[in-house]
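In the UniProt record's numbering, the protein residues as written are 1 to 543. Quick reminder that beta carbons are idealized off the backbone N, C-alpha and C, glycines included. Note that the structure is a prediction, hence the values are computed from the model and not measured. To start, the structure under review is shown below, and the notes come after it.
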Ligand code: G16
C-alpha cells in the first residue's frame, strides 16, 4: 500500500451551502471532484493526526464509491481510526452521536438529505466537527477558500474495504472499523425516553404508521419501533434504504409523503403518523385528522418535554431558526427560559447547545432536536411525541387544541418557488433589500407593516456575525412574511416565502390555514413582485 500525491486543479463551484456541498451525481463523478473537496476539508483542519474520524452516508447512489475514497484519503492524511457504518450507512443524527460517543475528531457525512437520489440526481458531502455538529461558517469558508487553490490530494492506493462485515482492517497505519450503524443510537434513545410507557401505549392498541421513504431511517425505525417498542411488523413502511429512494423525493412533507397524509385524514386512520427524510434528520408528524406544522411541533414538544425522562429536569432554553414561527417563543416565555432566534442552518445551534444555553432546537424545515446530539433528529422527534402521548393519554388533536387555547396559534405555511432562474431570484431579493427602509408604516389592505429588515445574527457565544440571512416583513399584531433563497438546492434558485399569522388566545383558533393567511399571501406578492421577477404565479410546493 502506498500513498499517492495526485496533482489536481480547482473546481470553482465547491462552496458549501446551508448544509455541506450538494451537487448532481455526475458533477461528483468528475475525476478529482470528490477528492478535491475532501482534501479541502482535511487541509482546513488541524491536529487530527492519529485521531478518529466517523464516515457514513444515507445510502444514496454513489455513497459507497465516495466512502471508499474518503477512507483512503483520511488514512493517507493521518487519521488513526476510521469508524464506518456497516453498508456505508449512518443516519445524520447517528453519525453525530458516534462522533460524540467515540470522542472522534469529526465526521464526513455523505448525504443530500431530502433531495432525490440516483445516477442523475443529488449527492452531497458535509463535514461535522468534534461536538458532532455541522462545521460552522468559519470552517466552511476555509474549505471553500482552500478548494479554490488546491493543487494536489493525498490518497492511499489500497483495495476496497469490505463495508458489509463488522470488523477491523488496516489502510496503511489507520485502523478502519466497520460498525453496527443502529445499536448505539437505539441505546441513546432508550436512555432519553420512557420505553416501557410507550410499549404499554402500543400494547393497548395505539396504532402507528411510520414512512421511512426508502431512505436511511428504515433500519433505525424497525429496530426501535418494531423490535424494542413492540409495534407490529409493518408499522415501518418503505423500510429498506434504496440508492434512488424508490424514485421518490425522500422529503417528509405534505407533497412527498402524500399517501401517509391521506391515510391519516381517512376514517380508519392510525393514531399517529410520521415520516423521516433521506438522511434521517427531518420529521413529519401527523395525528389522526391533523397535520402538525414543524413550527407547532417544536412548540408542543418544548411545552411537554418534561414528560420524558431525559428532559424531566426542564429545559435551559429553546432555539429556533428565524423563519420558524414564533409559536415556540410563547412557550419559552411561559416557561421563563430564553428563546434564541438563529439563521437557517442547524450549524447555528451548535454553540448554544454546547454552552448549555438551549436544550431543544427546531426549524420550520421539518427539523427538531435537542442537546443529545448536534444534528436535528427525525426519530428523536417521533419518540418524544410518542412519550408525550403515552404520558398524557390524549390524541394529537387534543394536545394541539389545548396548546393553542393556552398559547394562541401561529397559522403558518411556506411557499417554495423551485428551479427559478438564479439571476431572477437574486434580483427579487436585491430589489426587496433596496426598498426595506421605505416599508415600515405602509399598509397593504388591513395589514400595516411595523418593521422590515434583512436578518443578521450575532452569535452570543463566540461573537460571530452573520448577515443577509433573510428579509423579514413584520406586521402589527405579530404576523410576518419572510423571503429568502434556499441554500440546499442543486439547480437554479429556490425562493422560499414563509407566511405566518398570529391568532391570540380567545381568537378563532380552528380555521383552515389557507384561509387564515390568505391576505398575507396577497401581501407577499404585492411586496415582492414574485410573478414580475420570476414569471411564476403560484408556488411549486406548499408546506
Ligand atoms: C438543511 C439544514 C437546515 C435547513 C434546511 C433548509 O437541512 O440543515 O438547517 O433548515 O437545510 O435550508 P434551505 O432553506 O437553505 O434550503 P437538511 O435536512 O437539508 O440537511
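The beta carbon of residue 348 sits closer than 6 Å to the beta carbons of 342 from its chain, once the five residues preceding and following it are set aside; these are given in chain order.
Distance from the CA of residue 59 to the CA of residue 114, rounded to the nearest whole angstrom, comes to 12 Å. Ligand 1 approaches residue 18 closely enough that one of its heavy atoms is under 8 Å from the residue's Cβ.
Straight across, the Cα-Cα distance linking residue 444 with residue 475 is about 10 Å. Assigned with DSSP and collapsed to three states, residue 92 falls in helix.
In terms of CA proximity to residue 285, 253 leads the group 196, 253, 314 and 267. For residue 489, the distance from the CB to the nearest heavy atom of ligand 1 is below 8 Å. Residue 128 is bridged by DSSP to 107 and 134. Here the distance from the Cβ of residue 486 to the nearest heavy atom of ligand 1 is below 8 Å. The three-state secondary structure of residue 122, taken from DSSP, is strand. With distances taken between CA atoms, residue 181 lies nearest to 101 out of 101, 131 and 211. Relative to residue 142, the option among 37, 465 and 486 whose CA is nearest is 37.
In this chain, the beta strand (DSSP E) harbouring residue 275 covers 272 to 276. A direct Cα-Cα distance of roughly 30 Å separates residue 438 from residue 18.
For residue 56, there is no enclosing alpha helix (DSSP H); the enclosing beta strand (DSSP E) covers residues 52 to 57. Counting the other CB atoms within 10 Å of its CB gives residue 232 a total below 16, which places it among the exposed residues.
Within the same chain, Cβ atoms closer than 6 Å to the Cβ of residue 480 are found at 474 and 500, the five residues on either side in sequence being excluded. In the DSSP assignment, residue 185 falls outside any beta strand (DSSP E) and within the unbroken alpha helix (DSSP H) covering 183 to 192. With contacts defined as CB atoms closer than 9 Å, residue 149 and residue 31 fail to qualify as a contacting pair.
Cβ contact annotation for residue 261 (same chain, cutoff 8 Å, sequence separation greater than five): 254, 273, 286 and 291, in chain order. For residue 292, the enclosing beta strand (DSSP E) stretches over residues 290 to 292.
Here residue 178 is buried, its C-beta having at least 16 other C-beta atoms within 10 Å.
C-alpha of residue 487 to C-alpha of residue 200: approximately 42 Å in a straight line. In the three-state reduction of the DSSP assignment, residue 228 falls in the helix class. From the listed residues 82, 198 and 302, the smallest Cα separation to residue 166 is found for 82. For residue 327, the enclosing alpha helix (DSSP H) starts and ends at 327 to 335. Counting only residues of its own chain and dropping the five nearest sequence neighbours on each side, residue 206 has a CB closer than 6 Å to the CB of 271. Cβ-Cβ distances below 8 Å link residue 269 to 263, 288 and 289 in the same chain, with the five nearest sequence neighbours on each side left out; the list follows chain order. For ligand 1, no non-hydrogen atom lies closer than 8 Å to the CB of residue 472.
Between the alpha carbons of residue 88 and residue 118 lies a distance of about 16 Å. By the 16-neighbour rule on beta-carbons within 10 angstroms, residue 508 is exposed.
No Cβ-Cβ contact shorter than 9 Å links residue 214 with residue 159. Residue 52 and residue 104 have their C-alpha atoms some 5 Å from each other. Beyond the five residues adjoining it in sequence on each side, residue 327 comes within less than 6 Å, by CB distance, of 295, 296, 299 and 410 in the same chain, given in chain order.
Between residue 236 and residue 536, the alpha-carbon positions lie close to 38 Å from each other.
Inside the stretch 414 to 490, DSSP marks whole beta strand (DSSP E) runs of 3 or more residues at positions 447 to 454, 471 to 475 and 480 to 485, from first to last along the chain.
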